[in-house]
Amino acid sequence: MGRGRAPCCEKVGLNRGAWTPEEDMRLIAYIRKFGHGNWRALPKQAGLLRCGKSCRLRWINYLRPDIKRGNFSIEEEETIIKLHGLLGNKWSKIASSLPGRTDNEIKNVWNTHLKKRLKSNEQSSSSSPTPTIVSTANPDQDTPSSSSSETTSISIPSNLDFDDFNDSIDEILAIDIEPEVWNDVIVTEEAEAGEKRNWLAYLEEELGLFDDNGAGDDDNKMVEMVVVGEGDPVTSYFHKSYSSPSPV
DNA sequence: AAGTGCTTCAACCGCGAGCAT
DNA sequence: AATGCTCGCGGTTGAAGCACT
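Each residue of the first sequence is one higher than the one before, starting from 27 at the first, in my numbering.
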């Protein structure tokens, strides 16, 4: 308090809401090349119409390479429950004990799954002689069972080789680009990379990502910007964003 | 098939902490 | 010591997807 909170950004003229694949690509590419010394200055330098806070959040929670995507294992859930019992809503502290997991993700898991489960367990334990606290209701998979989209990730075919695409990104990154001209480089050169077209065709065919009713160029561009490399943040993005292949 | 309600989770908001000046 | 600035955290929101009717 009394420390004069500066507005995180001028909100006018900045994008808000869901990140587009192109924005993700810009952010990833910029951070891979220049790092993120100053979040406030980053979006301008990277040519992003986002506030620094938004960039930071996107990177931390979603794009950084060491993010572990996918559902939480039983062990992870047990850890969360234990640590929450000790620490309360100290999500970042809890997250530090779960490598690859973010505070935001843990918070969501707690609020959507674990809290409810504990509650129902408490209720059932008061009426049942066998109180079992922690465990997912779905032992067949390492996901908490609940409704709908528990299985949000698809399994990428093992023969997919992301390295090719990653190489082209590396080539781009090897070019000494002034941040001011970053815009043009990303959008033109990279978008023209021929091998990406092959990737797209391959992915669409293999994964049935799109129905062919003319989803439009934008949708195609989505995938184009999304597939980067195994273990790469964008692959994680891919998992999330295209988790429910539409039946072809 | 369409409508409605529920669930999930990515993203936003506001605040406090901590560092620099 | 006071002030300004950035970063990180935790709470909350709302769009999208899903299940149910």
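Heads up, the beta-carbon is just placed ideally off N, CA and C, and yes, glycines get one too.
Computed from a predicted model, the values in this text were never measured in an experiment.
Helix, strand or coil: which one does DSSP assign to residue i?
i	result
Arg-143	helix
Thr-105	helix
Asn-134	helix
Ala-44	coil
Gly-114	coil
Ile-93	coil
Asn-87	helix
Phe-60	helix
Leu-75	coil
Find out if the Cβ-Cβ distance for the pair residue i, residue j is shorter than 9 Å.
i	j	result
Tyr-88	Leu-74	no
Phe-98	Arg-143	no
Pro-125	Lys-145	no
Quick one: using the 10 Å Cβ neighbour count with 16 as the cut-off for buried, is residue i buried or exposed?
i	result
Asp-92	exposed
Pro-69	buried
Glu-101	exposed
Ala-67	exposed
Ala-44	exposed
Measuring CA to CA, which of the options is closest to residue i?
i	options	result
Glu-48	Phe-98, Arg-76, Gly-126 and Lys-142	Arg-76
Asn-134	Ile-106, Ser-122 and Trp-65	Ile-106
Trp-65	Asp-50, Trp-85 and Met-51	Trp-85
Leu-40	Gly-63, Lys-59 and Cys-81	Cys-81
Asn-137	His-110, Asp-50, Lys-59 and Ile-54	His-110
His-62	Gly-43, Asn-130, Leu-83 and Leu-140	Leu-83
Glu-103	Leu-112, Asn-115, His-139 and Leu-113	His-139
Lys-79	Phe-60, Leu-53, Arg-95 and Lys-94	Leu-53
Glu-131	Asp-50, Gly-96 and Gly-114	Gly-96
Lys-12	Asn-115, Ala-121, Ser-122 and Lys-119	Here the chain covers residues 27 to 274 and nothing more, so residue 12 does not appear.
Can you name the start and end residues of the alpha helix (DSSP H) that residue i belongs to?
i	result
Trp-117	117-122
Ala-72	68-72
Gly-126	Note, Gly-126: premise wrong, no alpha helix (DSSP H); not H, not E.
Ser-80	78-84
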